[in-house]
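The listed protein sequences derive, respectively, from chains A and B. For the record, in the first sequence the residue sitting at position 420 is 420 according to full-length UniProt numbering, with numbers rising by one throughout. For the record, in the second sequence the residue sitting at position 366 is 366 according to full-length UniProt numbering, with numbers rising by one throughout. Remarks on the structure that follows.
There are 2 protein chains.
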Amino acid sequence: MSKAIAQQAHLASTVLKTLSDEQRSLALYQIKQGLEAAKEDILAANRKDMELAETNKLSASLIKRLDLSKNGKFDSMCDGVLDVSNLEDPLNRVTLATELDDGLTLTRLTCPVGVLLIIFESRPEVIANITALAIKSGNAAILKGGKESLHTFQAMAKVINKVLEDTAVPQNAIQLISTREEVGDLLKQDKYIDLVIPRGSNELVRNIKENTKIPVLGHADGICSIYVDKAADLAKACRIIVDAKTNYPAGCNAVETVLFHSQLVQDGSHEKVLQALREAGVTCHLSSELFKDQPQSVLAQESDFSREFLSLDVAVKSVATVEEAILHINEHSSKHTDCIVTEDKATAEKFLAGIDSAGVYWNCSTRFADGFRYGFGTEVGISTNKIHARGPVGLEGLVCYYYQLRGNGQVAGDYKGAGGTRVFKHKKLNI
Amino acid sequence: MSKAIAQQAHLASTVLKTLSDEQRSLALYQIKQGLEAAKEDILAANRKDMELAETNKLSASLIKRLDLSKNGKFDSMCDGVLDVSNLEDPLNRVTLATELDDGLTLTRLTCPVGVLLIIFESRPEVIANITALAIKSGNAAILKGGKESLHTFQAMAKVINKVLEDTAVPQNAIQLISTREEVGDLLKQDKYIDLVIPRGSNELVRNIKENTKIPVLGHADGICSIYVDKAADLAKACRIIVDAKTNYPAGCNAVETVLFHSQLVQDGSHEKVLQALREAGVTCHLSSELFKDQPQSVLAQESDFSREFLSLDVAVKSVATVEEAILHINEHSSKHTDCIVTEDKATAEKFLAGIDSAGVYWNCSTRFADGFRYGFGTEVGISTNKIHARGPVGLEGLVCYYYQLRGNGQVAGDYKGAGGTRVFKHKKLNI
């Protein structure tokens, strides 16, 4: 069953990759219209999920994430599909062109990755985001939602499947799998599935990474750090750190560790930042050299510096130099997003070059690590991988490339290194 | 032990990534000089490996690959290091720049992947190639050679380690592991090692892929196909297919499957190609519709169409249309390099867009799939991955990217979507 789903997705992907931008974008436009037309049905299904969530006493924050009816969420979901369809085509961009020899031309073009398996929890609007990103980037997608949003998911799946019937996009390009199918079996289909994108809890992501040979794009932990340099503007430091910690503490781009230059600790000016955090309701886990018995202060454990709190808690310690800050972050952070607060450009440049993370910031909140804020329209997730796509992943992170070589009967044996005498020209062409 | 090696490599990588192109290139120049100065010692060690190989009755082709002394191999190895040092710097290239808002600027820059673990068999000159590519691209590398080239490997390692002492490149950036350490333990160091690159037999690659959570770049099989269209120039087809099969049958870019349009079979013109193959000593494994009892012809098994022969054998069948050829190749090829021979541009474009492989060729030999021939100087291998690097992998395949965000105290909470009212400008900047 899982094999058939994956194989159908692969076949659909080989058709989808040959469609024009117009064909892919038109299908998205039709999906947007279809969703809008079915608004009442989808919201009715959503209410059923909400009722079940309340009956099952799920957490208030989870129920809030499930709800599609509030704050214009449904309409902005539909608008999001249109936004993606209006983005520049990420496919068939020529990124390298070389004349190897007379009449033998090499080009490198962007192309879809192939088949994506996307596994997500709760938030049902993700279905529309991901469907849009997948079709626009020419990738077939198998979507597997969480059981909490099952009814909403099924109602939206029905619309999307129906709409695709009348478009150039093969129907199997988007397959919405309800919870009864086993994810475990899909994770074994490495012949047909090219990339797995999990969106959800650390446990979900870690579990998927442990159980598949298919490349996984995403992140388990978001352990972001902010280093407050001796040359920091402390007012900026307060604003940035309070925003990074409290704007959305459950977000992966929230700050979890704050490092102070020891000079700030010696003259007591770090207290201004700690005070601002306490006033915002944050509990500071202070390392021993900083610890004083104050309200909302606890003595930090060593493990707090490798911990994603996802709550109004932050680990705090002092370092002697920017180099020590860089070493600490490269060892403890999850390579997501880290920031320096300083007015000293040379120190900032050292930090920007030395940190080994997907995002390195200077004097601004780590909360900016987000596809919408980066101007990508939307994102399929944030990657802490060190290869392929890093940071917020939009359309560009969903494409790879391939090489075309166009000749006129050329054979390798005529060239030096393979038995012949001809020498390659390797002339760079304008793209 | 393995953990310490990996950790040291990681630490070295965080220094190496901050060095200038001049510092990295100068180190390569010094390595080249060091190798040249030690030519006699290295060739003496190489003779020891050759003698052992003869005593152990290794195959003639393996002994030939071991030999560094013939055909100017040693000198071209040294020149290769210099060639890489003279290539354009692949690091710190700005590939995206967006003003998110006044004074809040996002840039995306290329950066090293981090730590590479490179495992290779026999050919000792690979050490110099890979050391050059790793240092130039700012990556630390752990190199593990095969036991057949142990003495050569140790002699070269001694030189490289000694030379690095006097350069800006940390000594631990290149660690050469002799065969006594266990690869298995290194494959578990996924906290510190970012990418594994195996170069060797299918068994080696498959074994590594089975035994690590670290991304693996490379290919196990090279099953390349050539489709001869009804509008093919048969003289070109003969030249291309004979070169692709016989120029180096053990190469991963050699052709293993030939598909003929059925019209060519009906009028018997495919016989011209088969005859040329037979004259070149090739055994044709013909599917039943083509099979005639002729010399050097055998009836193909179904499995022959998913087989990397690595010998003077080729699987041959007929297809009714170019679409059928594309379907066959997308299902059976190893996504390495596939080719169409035709004079019809529309058919060629359909094939070029429809094939799901790292290289898709029109009227030229699959043997061109090679980093040197593509103009990359040299390569660390050929990737059939669908994400990150595909095809021949040179410097560009050894870099990833990261985002810098430079602000002046901006916080997310001031912007729409995070509680505030400001709207992002998302102004594209010239790169």
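Glycine residues also receive a C-beta, built at the ideal position from the N, C-alpha and C atoms.
- Task: State buried or exposed for Asp313 (chain A), treating a residue as buried only when at least 16 other CB atoms are found within 10 Å of its CB.
- Result: buried
- Item | Closest residue to Lys144 (chain B) among B:Pro198, B:Thr107, B:Ala168 (Cα-Cα distance) | B:Pro198
- Query: Residues of chain B with CB under 7 Å from Gly417 (chain A), in chain order?
  - Reply: Phe372
- Item | Cβ-based contacts, 7 Å cut-off: residues of the region 73–101 of chain B near chain A | Thr98, Leu100
- Give the straight-line distance between the Cα atoms of Ile326 (chain A) and Phe351 (chain A), rounded to the nearest whole angstrom. 7 Å
- Ignoring anything shorter than 4 residues or poking outside the region 49–85 of chain B, list the alpha helix (DSSP H) runs there in chain order. 60–66
- Item | Where the alpha helix (DSSP H) through Gly222 (chain B) begins and ends | From DSSP, Gly222 (chain B) is part of no alpha helix (DSSP H); its letter is neither H nor E.
- Express the C-alpha separation of Leu58 (chain A) and Arg108 (chain A) in angstroms, rounding to a whole number. 50 Å
- Which residues, in order along the region 10–40 of chain A, keep a beta-carbon less than 9 Å from a beta-carbon of chain B? His10, Leu11, Ser13, Thr14, Val15, Lys17, Thr18
- Going along chain A in order, which residues have a C-beta closer than 7 Å to the C-beta of Leu104 (chain B)? Cys364
- Under a CB-based cut-off of 8 Å, is Ile119 (chain B) close to chain A? no
- Is there a Cβ from chain A that is less than 8 Å from the Cβ of residue 432 (chain B)? No information on residue 432 (chain B) is available, as it lies outside the stretch 1 to 431 that chain B covers here.
- Which residues in chain B sit within 9 Å of Cys284 (chain A), going by Cβ to Cβ distance? The premise fails here: Cys284 (chain A) is roughly 19 Å from chain B at the closest Cβ pair, so nothing lies under 9 Å.
- Item | Other residues of its chain near Thr283 (chain A): CB distance less than 7 Å, five sequence neighbours each side excluded | Gln296, Val298, Leu312, Asp313
- Which residue from B:Leu150, B:Lys416, B:Phe120, B:Val258 puts its Cα closest to that of Leu217 (chain B)? B:Phe120
- C-beta contact flag for Ile160 (chain B) and Ile241 (chain B) at 8 Å: no
- What are the boundary residues of the alpha helix (DSSP H) that includes Cys339 (chain A)? Here Cys339 (chain A) belongs to no alpha helix (DSSP H); instead the beta strand (DSSP E) covers 337–341.
- Expected contact under 8 Å - CB spacing of Ala369 (chain B) and Thr337 (chain B) to nearest Å: 4 Å
- Message: For a test of the three-state rule: what should DSSP assign to Phe376 (chain B), helix, strand or coil?
- Response: coil
- Do Leu174 (chain B) and Ala128 (chain B) have their C-beta atoms within less than 8 Å of each other? Note on residue identity: the sequence assigns Ile, not Leu, to residue 174 (chain B). For Ile174 (chain B) and Ala128 (chain B), no; Cβs fall outside 8 Å.
- Message: Within a Cβ cutoff of 7 Å, which residues of the same chain sit near Ala358 (chain B), ignoring the five residues on either side of it in sequence?
- Response: Lys335, His336, Thr337, Ser383, Thr384, Arg390, Gly391
- Task: Would you verify that the beta carbon of Ser333 (chain A) is, or is not, closer than 8 Å to some beta carbon of chain B?
- Result: no
- Task: Note down, one range per segment and in chain order, each beta strand (DSSP E) of at least 3 residues found wholly within the region 16–51 of chain A.
- Result: none
- For the region 49–65 of chain A against the region 154–170 of chain A, are there 3 or more C-beta pairs whose distance is under 8 Å? no
- Query: Considering only residues of the same chain and omitting the five flanking positions on each side of Tyr77 (chain A), which have a CB-CB separation below 6 Å?
  - Reply: The question names Tyr, but residue 77 (chain A) in the sequence shown is Met. Hits under 6 Å: Glu125, Ala128.
- Message: Bridge partners for Gly394 (chain B) per DSSP, in chain order?
- Response: Gly394 (chain B) is not bridged to any residue.
- Task: Leaving aside the five residues before and after Asp356 (chain A) along the sequence, list all residues of the same chain whose C-beta is less than 7 Å from its C-beta, in chain order.
- Result: Asn330, Lys335
- Indicate whether at least one CB of chain B lies closer than 8 Å to the CB of His426 (chain A). yes
- Query: Span of the alpha helix (DSSP H) holding Gly381 (chain B)?
  - Reply: Element bounds for Gly381 (chain B): not the alpha helix (DSSP H) but the beta strand (DSSP E), 381–383.
- Mark Lys317 (chain A) as exposed unless 16 or more other C-beta atoms lie within 10 angstroms of its C-beta, in which case mark it buried. buried
- Query: Among the residues of its own chain, which have a CB less than 7 Å from the CB of Phe74 (chain B), if the five just before and after it don't count?
  - Reply: Lys39, Leu43, Leu68
- Message: Applying the 10 Å Cβ sphere with the 16-neighbour rule, what's the burial state of Lys245 (chain B)?
- Response: buried
- Task: Identify whether Phe153 (chain B) lies in helix, strand or coil by the three-state DSSP scheme.
- Result: helix
- Task: Please report the Cβ distance between Ala45 (chain A) and Ala155 (chain A), rounded to the nearest whole angstrom; I am assuming they are in contact, meaning their Cβ atoms lie under 8 Å.
- Result: 4 Å
- What residues of chain A sit near Tyr401 (chain B), judged by a beta carbon separation below 7 Å? Arg390
- Message: Counting only Cβ pairs nearer than 8 Å, list the residues of chain A close to Ile177 (chain B).
- Response: Under the 8 Å cutoff, chain A gives no residues; its nearest Cβ is about 21 Å from Ile177 (chain B).
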